[in-house]
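**Student:** Numbering (this note's numbering), first residue to last: 38 to 231. No residue lacks a Cβ here, since even glycine has one placed at the ideal position from N, Cα and C.
#1: Any idea if residue 181 is buried or exposed, counting beta-carbon neighbours within 10 angstroms, 16 or more meaning buried?
#2: Taking the alpha-carbon positions, what's the residue 228 to residue 174 distance?
#3: Which residues in the same chain have their Cβ closer than 7 Å to the Cβ of residue 128, if we skip the five residues on either side of it in sequence?
#4: Using the beta-carbon count (16 or more within 10 Å), is residue 215 buried or exposed?
#5: Using only alpha-carbon positions, find the residue among 185, 164 and 146 that is nearest to residue 152.
#6: Going along the chain, which residues of its own chain have a beta-carbon closer than 6 Å to the beta-carbon of residue 176, five neighbours each way excluded?
#7: Check residue 89 in the structure and name its three-state DSSP category.
#8: Just to check my reading of the structure: residue 211 and residue 102 have Cβ atoms closer than 8 Å, yes? What is that Cβ distance to the nearest angstrom?
#9: In whole angstroms, what separates the C-alpha of residue 97 from that of residue 112?
#10: Could you check how far apart the C-beta atoms of residue 92 and residue 231 are, in whole angstroms? I think they sit under 8 Å.
#11: What's the call for residue 204, buried or exposed, on a 16-neighbour Cβ count within 10 Å?
#12: Using CA coordinates, which residue listed in 167, 71, 171 and 123 is at the minimum distance from residue 207?
#13: My output table needs one value for residue 212: the three-state DSSP class, helix, strand or coil.
#14: Jot down the residue ranges of each uninterrupted beta strand (DSSP E) in the stretch 151-193, minimum 3 residues, whole runs only, in chain order.
#15: Can the beta-carbon of residue 162 be found closer than 8 Å to that of residue 125?
#16: According to the neighbour-count rule (16 or more other Cβ atoms, all chains shown, within 10 Å of its Cβ), is residue 168 buried or exposed?
#17: Kindly indicate which three-state DSSP category residue 47 falls into: helix, strand or coil?
#18: Using the DSSP secondary-structure output, state which residues sit across from residue 222 in a beta bridge.
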């Protein structure tokens, strides 16, 4: 009898283990797999700067000649053309500006500039340098010289561009004298792209 109880108990235990075994299968939770995130790399979208443009500019100028200086507002119009070579842009621009700068009693009436532009295409932004010739008309005479500077344009839309430009001007005989004239101008610009 004792043997029968032991066998029955053993059989019952095996049955319980056999029945419980499927409930244990797969119950061990595996660690969740974390998604692999690729690093975010900014993509610079190239914008085609090829084409003509025209616009207006308004800014501030400082002038110095023979130890005298003056400053005032400057503003005018410009027209130009760029050609985009991929990462680099080359172009030319002509601008005409009126001025209310006066240097030692000599009024600076207007400045004309013919500039070559070379820039880097940074997508919607164009960072550029300029160099060229400049002519100034004053109440005491006219003079010609050179101009160089830096600027940046930003395409707000395909047709509208906002920008800023710094220019340095040098004139050998400012206002008809033997004195050198130096001008610095800072302008905000808006243009329409054709």
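**Tutor:** So, to answer that:
#1: To locate residue 181, count along the chain shown from 1; it is residue 144. By the 16-neighbour rule on beta-carbons within 10 angstroms, residue 181 is exposed.
#2: Counting from one through the chain shown, the residue named residue 228 turns up at place 191. Counting from one through the chain shown, the residue named residue 174 turns up at place 137. If I take the Cα positions, the gap works out to 25 Å.
#3: Here residue 128 refers to the residue found at position 91 when the chain shown is read from its first residue. Its chain contains 117, 118, 119, 120 and 154 as the residues whose beta carbon lies nearer than 7 Å to that of residue 128, once the 5 sequence neighbours on both sides are disregarded; these appear in chain order.
#4: The count along the chain shown starts at 1 and reaches residue 215 at position 178. Exposed, because fewer than 16 other Cβ atoms sit within 10 Å of the Cβ of residue 215.
#5: What you label residue 152 is simply residue 115 of the chain shown in a count that begins at 1. Among 185, 164 and 146, the Cα nearest to that of residue 152 belongs to 185.
#6: Mapped onto the chain shown, residue 176 falls at position 139. The residues are 143 and 144.
#7: Sequence index remark: in the chain shown, residue 89 carries index 52 (1-based). Of the three classes helix, strand and coil, the one that applies to residue 89 here is strand, per DSSP.
#8: Along the chain shown, read from residue 1 onward, the residue named residue 211 stands at position 174. Along the chain shown, read from residue 1 onward, the residue named residue 102 stands at position 65. Between residue 102 and residue 211 the Cβ distance is about 4 Å, and since that is below 8 Å, they are a contact.
#9: Locating residue 97 in the chain shown gives position 60, counting from the first residue. Locating residue 112 in the chain shown gives position 75, counting from the first residue. Roughly 8 Å between the two C-alpha positions.
#10: Reading the chain shown from its first residue, position 55 is the one you call residue 92. Reading the chain shown from its first residue, position 194 is the one you call residue 231. No, residue 92 and residue 231 are not in contact; Cβ-Cβ is about 11 Å, not under 8 Å.
#11: Within the chain shown, residue 204 is the residue found at index 167, counting from 1. Buried, by the Cβ-count rule.
#12: Taking the first residue of the chain shown as 1, we reach residue 207 at position 170. Nearest of 167, 71, 171 and 123 to residue 207, Cα basis: 171.
#13: Indexing the chain shown from 1 puts residue 212 at position 175. DSSP places residue 212 in the helix class (H, G or I) of the three-state scheme.
#14: Counting only runs of 3 or more residues that sit fully inside the stretch 151-193, the beta strand (DSSP E) segments are 162-175 and 178-192, in chain order.
#15: Here residue 162 corresponds to residue number 125 of the chain shown, with the count starting at 1. Here residue 125 corresponds to residue number 88 of the chain shown, with the count starting at 1. No.
#16: Translated into positions along the chain shown, residue 168 becomes position 131. Exposed, by the Cβ-count rule.
#17: As a position in the chain shown, residue 47 is number 10, starting the count at 1. Confidence is the limiting factor: at residue 47 the pLDDT is only 49, short of 50, which leaves the residue's position unreliable and the question unanswerable from this model.
#18: Within the chain shown, numbered from 1, the residue matching residue 222 stands at position 185. Under the DSSP definition of a beta bridge, residue 222 partners with 98 and 204.
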